[in-house]
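The end of the sequence shown is residue 481 by numbering that gives the first Met the number 0, with every number in the run present. One structure below.
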Amino acid sequence: MLEQSDESGSGSGVGTIIVAPPTEARLIADFLEDQHDIDGKPVFEIIAREQEISSSLIENLADSLAEVVVLHSAANGFRAKVVKSIVEQHGERARLVIAFVPKIGDWFDVVEDLGVLTYRLPLRAEPFDEMARELPGLLAEARGKFARRALSTAVEAAEEINKSMAPEAAAVGGSPAAGVRMPTQVITSWSSKGGDGKSLVAQELAWQLANVGGHRVLLVDADMSRGYLAQALNQDARKFAERHNVTTLAQEFLVSGEISRESFEEHLYTVPDVHNQGKGNLRIVFGIASPEAATQPAYAADHGTQGARFIHALVEKAYGVYEFIIFDIGTAITIPVHFAAIKEAGHLLVLATPFRPSVAPTREGIRQLEAHQAVRRDQLRLVLNRWSPEALVKRDELPDFLGVPLFAVIPLVEEGQLMGVINQGFFVSELVWRREKKHRALQPFVTGTASLAENFVPGIVAAFKKHLNQLSNQKTRFWNRR
Ligand SMILES: Nc1ncnc2c1ncn2[C@@H]1O[C@H](COP(=O)(O)OP(=O)(O)OP(=O)(O)O)[C@@H](O)[C@H]1O
Ligand SMILES: [Mg+2]
């Protein structure tokens, strides 16, 4: 066991382990404890201190919930090989490794090459200030790497075995990771321009939180320019949406002044559970059937106040019943329904693409959000979508330019294949979960979405990986029997 520190207990801050000799550890702890966010809450929570990098430390890290490990080169056992195993040893969470190394010699280059955030000794305040300031982005990057490594190795292993497999062996197993009920969180997916991936990302995030995380999720298509989700799913969903959608629900609310339990239930489309174990965790309220619907009194009455009241009533109805309410909206924040969905959000996903024409509108959009007092800046979650190494905008440039820390990165994948999958009515994550070999090119997209979901439900990437591993083990057992 790691030595538990007395400092823990507040429960806030990112779980941090210090590995250093006692005097240095105290100094590091002081510097870490000096760091507070804008609400005055501590940034780091020291959950353990160790004096040496032993094999038992590395083993224990596998079960640790720590997200930050701070290493001092004077700790016993500090060697490049050992540091490397710490970088590669992930727990149930993505992890950022930070090291302080001697000024002289080539320690700096060697350690930095291992993927460690490296600083030269002596210990001083500046690196800690910088770490605290950059932490959201650094953790977002760590989550991305974690997800990539976890899912790609698991998928590769499964695919190798699968090459010689009979199709009937492809039964899906495993159960969701979660269990602990959480209070309701409202997430709204927004971007300042069309086609940035708001709908797709909202849909995939919802699917993963529900099917991989095992949480109850309500996904609401509240885009007043056009409904998307019903069109993106199968015929069954489209049929359902003809009779029950956000407009028919808003009309009931207009007429009766409330959303009754029965009519609420009636309006929810249940996405089948991927585990085939009873009803699924994901419910959807489908969107408007045509742009004209947005001009109906159910939304437009009282200069649009009716639409905003409706969104508020909808959230109230779902509050406490669903652990996540996810809104997919359109770009225009002046439309009261969109504005209300932004107002309700605890987390506003700001989708942006790393291409120059998209950058200025995003900054202008954020300025507008603030001018209209729609959200506080600390509720903005920057999600870089369609990330590509060839993008002219550097990854760090955008968070700096927009003044919003990086929350997740979703790579650009082959659009034709993505569209093919959507046209057939599938969730992209579901295909990777079922390990559909022919959609392998879409895996980076799912990995990026998993690193986004990991922010809300730590352990989602590990659960995804576990499932894929189980799948491959099942196949091995099956193969051995024959
Ligand atoms: N990471 C990605 N890689 C490749 N293609 C992507 C990616 N993300 C989204 N797309 C493509 O962009 C299209 C538009 O995405 P989506 O409809 O989700 O955007 P949107 O922001 O909701 O648009 P709108 O403003 O029209 O509602 C998708 O159909 C998909 O084909
Ligand atoms: Mg959309």
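No residue lacks a Cβ here, since even glycine has one placed at the ideal position from N, Cα and C. Quick caveat, the model's predicted, so the values are computed rather than measured.
{"Item": "Could you check if N422 is buried or exposed, using at least 16 other CB atoms within 10 Å of its CB as the buried criterion?", "Value": "exposed"}
{"Item": "If you draw a straight line from the alpha carbon of V100 to that of W106, how long is it in whole angstroms?", "Value": "6 Å"}
{"Item": "CA-CA distance, V185 and G212?", "Value": "16 Å"}
{"Item": "Quick check on the burial criterion: 16 or more other C-beta atoms within 10 angstroms. Buried or exposed for A157?", "Value": "The pLDDT assigned to A157 is 46, lower than 50, so where the model puts this residue is not dependable; a value taken from the coordinates is nonetheless given after this. Looking at its Cβ environment, which holds 16 or more other Cβ atoms inside 10 Å, A157 is buried."}
{"Item": "Starting from I186, trace the beta strand (DSSP E) both ways and give me its first and last residue.", "Value": "Q184 to W189"}
{"Item": "Assign N233 to one of two classes, buried (16 or more other C-beta atoms within 10 Å of its C-beta) or exposed (fewer than that).", "Value": "exposed"}
{"Item": "Is the number of C-beta pairs between the segment 86-100 and the segment 127-143 that are closer than 8 Å three or more?", "Value": "yes"}
{"Item": "Touching or not, the segment 214-227 and the segment 272-285, by the rule of three or more beta carbon pairs under 8 Å?", "Value": "yes"}
{"Item": "Shortest alpha-carbon distance to A344 belongs to which of E363, F354 and L313?", "Value": "L313"}
{"Item": "Let me make sure I understand the geometry here. Which of V13, A19 and V115 has the alpha-carbon closest to that of E66?", "Value": "V13"}
{"Item": "Flag F426 as yes when its Cβ comes closer than 7 Å to any non-hydrogen atom of ligand 1, and as no otherwise.", "Value": "no"}
{"Item": "For L113 versus V69, is the C-beta distance shorter than 8 Å?", "Value": "no"}
{"Item": "If you draw a straight line from the C-alpha of L228 to the C-alpha of I16, how long is it?", "Value": "43 Å"}
{"Item": "Can you give me the C-alpha to C-alpha distance between W189 and K197, rounded to a whole angstrom?", "Value": "6 Å"}
{"Item": "Would you call the segment 441-448 and the segment 108-125 touching, i.e. three or more CB-CB distances under 8 Å?", "Value": "no"}
{"Item": "Report the rounded CA-to-CA distance for E6 versus R25, giving the unit in angstroms.", "Value": "Caution applies to E6, whose pLDDT of 39 falls short of 50 and renders its modelled position unreliable; the value that the coordinates give is listed next. Rounded to whole angstroms, E6 to R25 spans 12 Å at the Cα level."}
{"Item": "Where do the N-terminal and C-terminal ends of the alpha helix (DSSP H) with H337 fall, by residue?", "Value": "P335 to E343"}
{"Item": "Within a Cβ cutoff of 7 Å, which residues of the same chain sit near Q207, ignoring the five residues on either side of it in sequence?", "Value": "S428, T448, A449, A452 and I459"}
{"Item": "Check for me: the alpha helix (DSSP H) holding N210 runs from which residue to which?", "Value": "K197 to N210"}
{"Item": "For K116, is the beta carbon positioned less than 7 Å from some heavy atom of ligand 1?", "Value": "Checking the sequence, you will find Leu at residue 116 rather than Lys. Result no, Cβ not under 7 Å from ligand 1."}
{"Item": "Taking its Cβ as the centre, do 16 or more other Cβ atoms sit within 10 Å of R215, making it buried, or is it exposed?", "Value": "buried"}
{"Item": "What would DSSP say about A168, mapped onto helix, strand or coil?", "Value": "Its pLDDT being 29, under 50, A168 is placed unreliably by the model, and nothing is read from it."}
{"Item": "With DSSP as the reference, label T346 as helix, strand or coil.", "Value": "The amino acid occupying residue 346 in the given sequence is His; Thr does not appear at that position. Strand."}
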